[in-house]
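Numbering (our numbering), first residue to last: 5 to 68.
Here's the structure we're looking at; comments come further down.
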Amino acid sequence: MISNLNISRRSFLRKAILTATATSTLPHWYNEELLAAPQTSSTASANGKPNVALIGCGGMGRYD
5 MISNLNISRR SFLRKAILTA TATSTLPHWY NEELLAAPQT SSTASANGKP
55 NVALIGCGGM GRYD
């Protein structure tokens, strides 16, 4: 358990800036990894049932 929670404003800001920088560059790196991955062909089945959600329609749209 941490007994000393005294942290200076300067060290907090330094760690916050480093964290923000690291997380802002992560999506760019991650996108490059995804684009480098081989593309898989996933076509939807003609017999597949689509999922539909209705919000705020009252009693309408409950039954097909």
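Glycine is no exception: its CB is placed at the ideal position from the N, C-alpha and C atoms.
Between residue i and residue j, what straight-line distance do the alpha-carbon atoms span, to the nearest angstrom?
| i | j | result |
| --- | --- | --- |
| Phe16 | Leu30 | 21 Å |
| Gly52 | Ile59 | 23 Å |
| Arg13 | Ala57 | 47 Å |
| Ala20 | Asn10 | 16 Å |
| Thr23 | Glu36 | 20 Å |
| Ala26 | His32 | 11 Å |
| Leu106 | Arg18 | Residue 106 cannot be examined here, being either before or after the span of the chain that is shown, 5 to 68. |
| Ser28 | Tyr34 | 11 Å |
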